[in-house]
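One structure is given here, and the rest of the page talks about it.
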């Protein structure tokens with residue numbers, strides 16, 4: 398289970414939508430912010446790989462359907478099917494662990510009559526956006542402008558939409574329940590001094606603060622996976638270069654062009670891939686190109702095993 402940090406004091410890792418389960422989570426948190434020590438002991442029963450029930454935790458079943466639903470919700474419309482299958486295999490062990498953790502937390506929360514409401518989820522989303530803003534060295538005003546330009550909605554409406562999307566998310570629910578349980582059972586452990594914050598930051602800088610950076614990108618993919626010859630791939634690259642020329646024209650609409658040209662399922666959302674971390678979520682050439690861009694910039698044509706991409710951050 399992810400160790401707790403003081404959510405008010407530590408601008409630690411961002412658990413955005415698509416990058417949620419890739420973030421580095423192991424290692425100790427600040428000294429006074431451990432997870433609740435009275436979490437019920439688990440009786441975990443694992444079933445066969447082909448069974449509908451993945452595990453049973455204290456009599457509560459966690460199904461393969463729940464795992465599949467999480468993968469579809471978080472990644473289904475954001476990447477090609479081939480990449481989605483790889484992601485499903487990679488994240489399944491961690492996702493299963495996360496669902497077990499959540500089942501235990503929900504059991505204890507029920508005993509303590511602790512629930513999660515809309516305000517809790519909205520507050521967590523606001524915290525995440527503040528962390529992303531700080532990682533990108535953006536002011537609050539700049540963040541509001543970017544959201545309005547890219548999402549065509551007011552910032553408060555964007556937060557509400559994100560909160561609704563993330564409300565069922567097991568990682569987010571675990572984080573909220575951990576904090577609420579600590580506040581009730583061990584309020585003294587929620588006190589984190591400035592010295593402890595600095596010590597934690599210095600100790601975990603490379604592993605968490607640098608690796609935890611997130612970027613939100615959109616792309617247009619000219620796919621090549623079904624192409625057999627070099628000539629076909631060369632034509633695909635030419636098409637990607639023509640698309641890039643259109644994207645760079647003054648007044649062009651990246652989202653509309655993505656819907657017109659892209660072969661990725663994300664085209665239905667104007668190519669939006671949501672937030673993702675530097676490592677683990679996207680293939681390396683794509684991630685490297687995206688993280689090299691500043692907000693609003695457009696990449697040159699980027700080649701991956703899936704085809705040719707034009708990327709906008």
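Residue numbers (my numbering): 398 to 710.
Note that beta-carbon positions come from the ideal geometry of N, C-alpha and C, so glycine has one too.
Just so you know, these numbers come straight off a predicted model, no measurement behind them.
**Request:** Figure out for me which residue from 497, 499, 470 has the closest Cα to the Cα of residue 485.
**Result:** 470
**Asked** From what residue to what residue does the alpha helix (DSSP H) around residue 652 run?
**Response** 651–658
**Which listed residue (506, 522, 621) has its alpha carbon closest to that of residue 579** = Among 506, 522, 621, the Cα nearest to that of residue 579 is on 506.
**Asked** Thinking C-alpha only, which one of 652, 517, 575, 625 is nearest residue 499?
**Response** 575
**Prompt:** What's the gap between the Cα of residue 655 and the Cα of residue 630?
**Reply:** 19 Å
**Asked** Who are the Cβ neighbours of residue 461 in its own chain at under 7 Å, not counting the five residues just before and after it?
**Response** 449, 451
**Message:** Considering only DSSP beta bridges, list what residue 669 is partnered with.
**Reply:** 615
**Prompt:** Candidates 478, 547, 577: which alpha carbon is nearest residue 503's?
**Reply:** 577
**Item:** C-alpha distance - residue 477 paired with residue 585, whole-angstrom precision
**Value:** 47 Å
**Request:** Taking residue 454 as part of the beta strand (DSSP E), name the residues at either end of that continuous run.
**Result:** From DSSP, the beta strand (DSSP E) with residue 454 extends over 450–454.
**Prompt:** Would the beta-carbon of residue 694 fall within 8 Å of that of residue 710?
**Reply:** yes
**Request:** Tell me, to the nearest whole angstrom, how far the beta carbon of residue 668 is from that of residue 617; I am working on the premise that it is less than 8 Å.
**Result:** 6 Å
**Request:** Would you mind working out which of 531, 619, 582 sits nearest residue 510, comparing C-alpha positions?
**Result:** 582
**Request:** Return the first residue and the last residue of the alpha helix (DSSP H) that residue 707 is part of.
**Result:** Under the DSSP assignment, residue 707 falls outside any alpha helix (DSSP H), being part of the beta strand (DSSP E) whose first and last residues are 704–709.
**Message:** Could you tell me the alpha carbon to alpha carbon distance between residue 558 and residue 549, rounded to whole angstroms?
**Reply:** Straight-line Cα distance between these residues: approximately 12 Å.
**Request:** Can you have a look at residue 490 and say buried or exposed, based on whether 16 or more other CB atoms are within 10 angstroms of its CB?
**Result:** exposed
**Item:** C-alpha gap between residue 566 and residue 466, whole angstroms
**Value:** 11 Å
**Request:** Taking 8 Å as the cut-off, decide whether the C-beta atoms of residue 570 and residue 513 are in contact.
**Result:** yes
**Request:** Mark residue 625 as exposed unless 16 or more other C-beta atoms lie within 10 angstroms of its C-beta, in which case mark it buried.
**Result:** exposed
**Request:** Answer yes or no: do residue 540 and residue 526 have a C-beta to C-beta separation smaller than 8 Å?
**Result:** The Cβ atoms of residue 540 and residue 526 sit closer than 8 Å to each other.
**Message:** According to DSSP, residue 700 sits in a beta bridge with which residue or residues?
**Reply:** 705
**Asked** How far does the alpha helix (DSSP H) with residue 483 in it reach, from first residue to last?
**Response** 478–508
**Request:** Pick helix, strand or coil for residue 520, following the three-state DSSP scheme.
**Result:** helix
**Request:** Taking 8 Å as the cut-off, decide whether the C-beta atoms of residue 675 and residue 688 are in contact.
**Result:** yes
**Prompt:** Given that a residue counts as buried once 16 or more other Cβ atoms are within 10 Å of its Cβ, and exposed if not, what is residue 441?
**Reply:** A caution first: residue 441 carries a pLDDT of 47, below 50, which makes its placement in the model too unreliable to give a value.
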